[in-house]
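Protein chains in written order, with our numbering: chain D, 1 to 489; chain A, 490 to 609; chain B, 610 to 1092. Note sheet for the following structure.
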Amino acid sequence: MILMHTPALQVIIPLIAAPLCCLLPKSRLAWLFTTLVSFSTFAISVLLVWQVHAVGVIDYEMGNWPAPLGIKYHIDSLSAFILILISAIASITLLGARSIIEQEIPHSKHALFYTAFLLCLTGLLGIVATNDAFNVFVFLEISSLSTYALIAMGRNRKALMAAYEYLIMGTIGATFILIGIGLLYMQTGTLNMFDLHDRMPIIGGFNSVHAGFAFFTVGIFLKLALFPLHQWLPNAYTFAPSAVSVFLAATSTKVALYLLYRVFYTIFGFEFSFSTLHLGAVLLPLSIVAIILSSLIAIFQSDIKRLLAYSSLAQIGYMTLGVSLQTQSGLIASMINLFNHAFIKGALFMCLACIAYSIKTTRFNHMAGIAKTQPWVAAAFVVGGIALIGLPPTAGFISKWYIVLAVLETSWWLAIVVVLTSLLAVIYVWRVVEQMYLREPLDNIRHGTPVPMMLIICTWIMILLSVYFGIDNRFPVRMATMAAEMLMP
Amino acid sequence: MMSLITDLYAYWISVLLMMVGLYIVIDHNNLFKKLIGLNIFQTSVFILFISMGKVDQGTAPILKEGFETFSNPLPHVLILTAIVVSIATTAVGLALVVSINKYYKTINESEIQAIEREEA
Amino acid sequence: MSLFTNILASLYVPLLGAVLIFLCRRFPRIIEIIFVASAAVLLFITFSIFKFGSAIYHQTFELYPLIADIPLAFHVEPLGLVYAAVASSLWLVTTIYAIGYMNANQEKKLARFYMCFCIAMMGVMGIAFAANLLTLFIFYEILTISTYPLVAHKENTEAKNGARTYLGLLLTTSIGFFLVSILWTWQVSHSLDFTIGGILAGKLSDGLMLVLFTLMIVGIGKAGLMPFHRWLPAAMVAPTPVSALLHAVAVVKAGVFCVLKITVYIFGIDLLQSTSANVAIVYLAALTMLLASLVALQQDNLKARLAYSTISQLAYIVLGAALATSASMIGASMHLATHAVGKITLFFCAGAIYTVTKKTSIKDMRGIGYQMPFTMFAYTIAAISIIGLPPMVGSWSKWFLIDGALSSGQIVLAVAFLISTLLNIMYLMPIAINAFINRPASTEPQYQEAPKSLLIPLSMTALLCLLLFFLMPYFYEFFQRIP
């Protein structure tokens, strides 16, 4: 019975749990409830992956209305891949984050925090699960609104401006996507993604469809934080509460990338997007600039959360670079980068959450010598940093391998660029490592609050996962290959 | 030439509002006014959608003898959802502005940036 | 034990040692015992691989496919065995020396030190037995990362800067050049396996082959080719056991071993001869050889002088490999072993001198032979071996290298070897002469001989320099197998 409705349950369970969470009296209870809901979404996503392996694709019609009249949820290898990623990250984050949430957020707001978190999770899962274009917009806005609220709960008052700027830019982006959907609907009369794809050859010549494509592009790039529409991301990640930074860094841009795959490969189709409308010509230079510029800026940051945010911008550049290569191996490389980066960045932000718990700040100068008081956290950061640079035996090396190999197929000088920018990562990661290990601890560090065991354990779970996927990468590679073959036949 | 404007007046209005809204968002310093601009921008999109649903000589969708042509109800449904989203966005935005006012004592963006720069 | 189990055990034993040291990190005596025990067990395992004989060479054992269809795979072959044997035997000697040195100099953070040492040895064994370039690269990087805490051990500003140069240069070359060349090789030949005769025959034009070969060899930063050699003198900030490990056993020998293995099994001697892809590297190596010796002459710090000497000696091996004749190959592989034994003795002596007298400057070492006769005698033996005079083992490798240069018609290179030998005499012997001929100044305090825990290892390695000279004929046919 449950198996029949798993696609719907994936989204509905957190959706219904959210208002219930709001009513819970105690903060601990709210946390427990949210964590359990999160783990249940993880369980359902595991079920979905298993079903997709067995059956291939799962189609679920909401209310038994057949598509294209009704809304259809369509789970294939790509969706299942991203669903399990998001739910896993949410679960691990929540498991460890209780103490840091209690420290950073005023007590009266805890239940509301968890409510917003569940809504964000719902939105992200919904974007991935659905096959209806307008449904995507709705879930996109659900996740975005709850994200604005979550970011605004940060300790620093700058979080408010960060959330406001993100609100303005995010809404413009989502509205652009809405315009794109509207223009496509105008020409085809349908909102179902596969139906749109089938009708695309007939309407492909119209200016309105080209305009719709352009609106989609700008909207998705904004959500993806691709240069030059990335301005909201550093502030949002830096000033958000630590647990929110972990979750956002690991999931929100990944879902935007999923949206990119869906819109440009499933709705518009590979030939139309890349051959007729030359998306690759736009994506390639932007990706390269994103990678180089963000890595360079990251080197000079004085707040480590900001450093990691710029590093995320560079990694997003790698993912879009894979897409812009217009080959199947490029697409596979992009997806593998997506998967591995989620765990690596999530783990690194969790290390920072531990540090923020201990010394109430994440500024570079205040972190001197923290390895002496928090050896496990510092060690986790070193492993995460090694993964970010892309050295074996971590998952980062696998991502690097695939992307450089994909780039080598097209042009050798681009491979040199990719490789040289990884070396930039060495600089900004090693700055932090030296600061943590090779300096004398300051007073505020010696008197820092001891970090709760659960937070450290969850940090290490994510770190070990990023090492595990460096050693046994069959799951992400297999899923990515299946997904790429489906998107680009 | 004139037919380009008169036939497509709905789209012209929509685009005009879109540009007005975007301009207000970009240009004004007052956070509150930015939200108003955002609202205008979103409203333009609603007009775009709804205007496309109108069928010439169409009535409301009524299932009865005598009513053959009706306007497309689907865009209305979509826009109802979008309006709700827009309201929610405005609500969150306003809440943020109130909070910002509480902490910064101003809702002028340049003044806020000046305050932050002084602190740094 | 089957061969595969043996190979895996050589990886697990140091790793297990590291884990045990971590668990017992609060008990200094126990971690020392674990440290020496892991080295002893590893030596036993490595030498028990020898008893399988030559039938097992090039039999590949795949662990599992790591990336796409490239497996994590291991095999045994003569070059790898030479490297593994040198590394594991010298590791045992270094463990005893390290314990003595760290205790005598009252260094802190011993658990971290010994742990990283063990992980570094695991990296070394992985490199020695790697069956394809991917496996090689993975353990190569493990070696880089695990030796960083060793170089930065003292944690002062000097150590931080030295370690920064060390890591920066090694990562730049490995990610920037080596990884790219590996991926290029994969793209061109769709294989990364070490095969007899190489895998690149006919796959690239001559010009591109030159670029690929140069990229790959320069990418192996651990081989110390100029201009990426700066990490070696920078790593001198480390405690001397680390320098001994770095400059004799693990890191530099890993570098030249990779050069040798890639030259023989990825490119193949015939390919290099026919396409002249080795031209750039031959001249780069010759240049490094001479320039490094000249720089060594000017160093007053003993360890710095030995560091530049190492760069020069490594260039010998790279030159021998790049020349790609069978004689030069034999010379290069022999030199891997002979230089290791000689250089480790020299570093042990330097460390002993520092421990007893706290001196690092050569001009302060007048007459020290009168106070530390055993140490300086061992130094002299090792210096003669490095210079390449009989009856020390270094003469064997020198002979084959020069023979290789002559037989391939490169008179210029043979002359370069001879000039370099002359320079070796000029920068190594004065220290010994100064120690014995001149009496120490009367203002000097009376020094004792080095403590036993330092003396025994360095005497053992010095003795090896002498003994191996006479034992080399038994090993000669072993080196001949390297095609």
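From the three backbone atoms N, C-alpha and C, an ideal C-beta is built for every residue, glycine too.
Query raised in the report: Applying a beta-carbon distance threshold of less than 7 Å, which residues of chain B neighbour residue 441(D)?
Result: In the first sequence, counting from the first residue as 1, residue 441(D) sits at position 441. Near residue 441(D) there are no residues of chain B at all, since even the closest Cβ is about 12 Å away, more than 7 Å.
Query - Neighbourhood of residue 398(D) by C-beta, 6 Å cutoff - its chain only, sequence neighbours within 5 removed - result: The residue given as residue 398(D) occupies position 398 in the first sequence. Answer for residue 398(D): 470 and 473, listed in chain order.
Query - Limits of the beta strand (DSSP E) - the one that residue 675(B) falls within - result: Numbered from 1 along the third sequence, position 66 holds the residue referred to as residue 675(B). Where residue 675(B) is concerned, the enclosing beta strand (DSSP E) stretches over 670 to 676.
Report task. Check the Cβ-Cβ distances between residue 570(A) and every residue of chain D, and say whether any is below 8 Å. Result -> Your numbering for residue 570(A) matches position 81 in the second sequence. Yes, because at least one Cβ of chain D sits closer than 8 Å to the Cβ of residue 570(A).
Query raised in the report: For residue 679(B), which of helix, strand or coil comes out of DSSP?
Result: Here residue 679(B) is taken as the residue at index 70 of the third sequence, counted from 1. Residue 679(B) falls in the strand class under three-state DSSP.
**Report entry** Span separating the alpha-carbon of residue 167(D) from that of residue 578(A)
**Finding:** Working through the first sequence from its first residue, we reach residue 167(D) at position 167. Working through the second sequence from its first residue, we reach residue 578(A) at position 89. Near 8 Å, if we compare the C-alpha coordinates of residue 578(A) and residue 167(D).
Query raised in the report: Using the beta-carbon of each residue, which ones in chain D are nearer than 9 Å to residue 491(A)?
Result: Your numbering for residue 491(A) matches position 2 in the second sequence. Annotation: residue 491(A) has no Cβ neighbours in chain D at a cutoff of 9 Å; minimum Cβ distance is about 20 Å.
Query raised in the report: What is the DSSP secondary structure of residue 67(D), counted as helix, strand or coil?
Result: Taking the first sequence and counting its residues from 1, the one referred to as residue 67(D) is at position 67. Coil at residue 67(D), not helix or strand.
Query raised in the report: If the cut is a Cβ gap below 8 Å, which residues of chain D does residue 769(B) touch?
Result: Sequence index remark: in the third sequence, residue 769(B) carries index 160 (1-based). The answer, in chain order, is 434 and 438.
Query - Contacts of residue 785(B) in chain D (Cβ-Cβ under 7 Å) - result: Working through the third sequence from its first residue, we reach residue 785(B) at position 176. The answer, in chain order, is 419, 420 and 423.
Requested in this report: Closer than 8 Å, Cβ to Cβ, to anything on chain D: give me those residues from the region 586 to 609 of chain A, in chain order.
Outcome: For the region 586 to 609 of chain A, the set of residues with a beta-carbon nearer than 8 Å to any beta-carbon of chain D comprises 586, 588, 589, 592, 593, 601 and 605, in chain order.
Query raised in the report: Looking only at its own chain, which residues have a Cβ that is under 6 Å from the Cβ of residue 629(B), when we skip the five neighbours before and after it?
Result: On the third sequence, position 20 is the one that residue 629(B) refers to. The residues are 643.
Query raised in the report: Using 8 Å as the Cβ pair cut-off and three pairs as the minimum, do the region 209 to 224 of chain D and the region 260 to 267 of chain D touch?
Result: Between the region 209 to 224 of chain D and the region 260 to 267 of chain D, the count of Cβ pairs shorter than 8 Å is three or higher; the stretches touch.
**Report entry** Three or more C-beta pairs below 8 Å linking the region 915 to 933 of chain B and the region 969 to 983 of chain B
**Finding:** As far as the Cβ criterion goes, the region 915 to 933 of chain B does not touch the region 969 to 983 of chain B, which means the pair count is below three.
Query raised in the report: At least one CB of chain B closer than 8 Å to the CB of residue 408(D): is that the case?
Result: Here residue 408(D) refers to the residue found at position 408 of the first sequence. Taking Cβ atoms only, chain B reaches closer than 8 Å to residue 408(D), which makes this a yes.
Query - Between the CA atoms of residue 676(B) and residue 1089(B) - distance to the nearest angstrom - result: As a first step, residue 1089(B) is located in the third sequence; it is residue number 480 there, counting from the start. As a first step, residue 676(B) is located in the third sequence; it is residue number 67 there, counting from the start. Cα-Cα distance, rounded: 35 Å.
Query raised in the report: Can a CB atom of chain D be found closer than 8 Å to the CB of residue 532(A)?
Result: On the second sequence, residue 532(A) is found 43 positions in, with the first residue counted as 1. Not a single C-beta of chain D is nearer than 8 Å to the C-beta of residue 532(A).
Query raised in the report: Who are residue 559(A)'s beta bridge partners in DSSP?
Result: Position 70 of the second sequence, counting from 1, holds the residue named residue 559(A). DSSP, once it has assigned bridges, lists 548(A) as partnering residue 559(A).
Query raised in the report: Counting only beta-carbon atoms, is residue 577(A) nearer than 8 Å to chain D?
Result: As a working mapping, residue 577(A) is identified with position 88 in the second sequence. It does; some Cβ of chain D falls within 8 Å.
Query raised in the report: In its own chain, which residues sit with a C-beta less than 7 Å from the C-beta of residue 200(D), not counting the 5 before and 5 after it?
Result: Stepping through the first sequence from its first residue, residue 200(D) is reached at position 200. If you ignore the 5 residues before and after residue 200(D), its C-beta comes within less than 7 Å of the C-beta of 268, 269 and 272, all in its own chain and listed in chain order.
**Report entry** Beta-carbon neighbours of residue 764(B), restricted to chain D and to distances below 7 Å
**Finding:** To locate residue 764(B), count along the third sequence from 1; it is residue 155. Going along chain D in sequence order, the residues near residue 764(B) (Cβ under 7 Å) are 438.
Query raised in the report: Taking the runs of the alpha helix (DSSP H) that are 4 residues or longer, which of them lie wholly in the region 721 to 803 of chain B?
Result: Segments of the alpha helix (DSSP H) lying fully in the region 721 to 803 of chain B: 742 to 760, 766 to 782 and 788 to 798.
Report task. Assign residue 59(D) to one of three DSSP states: helix, strand, or coil. Result -> Along the first sequence, one-based indexing puts residue 59(D) at 59. Of the three classes helix, strand and coil, the one that applies to residue 59(D) here is strand, per DSSP.
Query raised in the report: Would you call the region 770 to 784 of chain B and the region 814 to 823 of chain B in contact, with 3 or more CB pairs under 8 Å?
Result: Cβ pair count under 8 Å is below three, so no.
Query raised in the report: Along the chain, where does the alpha helix (DSSP H) that runs through residue 993(B) open and close?
Result: Numbered from 1 along the third sequence, position 384 holds the residue referred to as residue 993(B). First-last of the alpha helix (DSSP H) with residue 993(B): 982 to 996.
Query raised in the report: How about the region 366 to 382 of chain D and the region 755 to 770 of chain B: do they share at least three Cβ pairs that are nearer than 8 Å?
Result: No: the two stretches stay apart, fewer than three of their Cβ pairs being nearer than 8 Å.
Query - Candidates 357(D), 31(D), 72(D) and 325(D), of which the one nearest residue 128(D) by Cα - result: Working through the first sequence from its first residue, we reach residue 128(D) at position 128. Of 357(D), 31(D), 72(D) and 325(D), the smallest CA-CA separation from residue 128(D) is found for 72(D).
**Report entry** Backbone CA spacing between residue 793(B) and residue 825(B) [nearest angstrom]
**Finding:** As a position in the third sequence, residue 793(B) is number 184, starting the count at 1. As a position in the third sequence, residue 825(B) is number 216, starting the count at 1. Residue 793(B) and residue 825(B) have their alpha carbons spaced roughly 10 Å apart.
Query raised in the report: What are the boundary residues of the alpha helix (DSSP H) that includes residue 237(D)?
Result: Taking the first residue of the first sequence as position 1, residue 237(D) is located at position 237. From DSSP, the alpha helix (DSSP H) with residue 237(D) extends over 232 to 239.
Query raised in the report: Just checking, does the region 859 to 869 of chain B make contact with the region 994 to 1008 of chain B on the three C-beta pairs under 8 Å criterion?
Result: Cβ pair count under 8 Å is below three, so no.
Query raised in the report: Are any of the Cβ atoms in chain D nearer than 8 Å to that of residue 520(A)?
Result: As a first step, residue 520(A) is located in the second sequence; it is residue number 31 there, counting from the start. So yes, residue 520(A) belongs to the interface.
Requested in this report: Measure the Cβ-Cβ separation of residue 652(B) and residue 701(B) and say whether it is below 8 Å.
Outcome: Numbered from its first residue, the third sequence carries residue 652(B) at position 43. Numbered from its first residue, the third sequence carries residue 701(B) at position 92. Yes, these two residues count as a Cβ contact at 8 Å.
Query raised in the report: Since residue 865(B) sits in a beta bridge, which residues does DSSP pair it with?
Result: Translated into positions along the third sequence, residue 865(B) becomes position 256. Answer is none; residue 865(B) lacks a bridge partner.
Query - Endpoints, alpha helix (DSSP H) assigned at residue 185(D) - result: The count along the first sequence starts at 1 and reaches residue 185(D) at position 185. Per DSSP, the unbroken alpha helix (DSSP H) holding residue 185(D) starts and ends at 158 to 188.
**Report entry** Residues near residue 800(B) in its chain [Cβ-Cβ closer than 7 Å; skip 5 each side]
**Finding:** Start at 1 with the first residue of the third sequence, and residue 800(B) comes out as number 191. Counting only residues of its own chain and dropping the five nearest sequence neighbours on each side, residue 800(B) has a CB closer than 7 Å to the CB of 808.
Report task. Can you give me the start and stop residues for the beta strand (DSSP E) that residue 73(D) sits inside? Result -> Locating residue 73(D) in the first sequence gives position 73, where the first residue counts as 1. Where residue 73(D) is concerned, the enclosing beta strand (DSSP E) stretches over 72 to 75.
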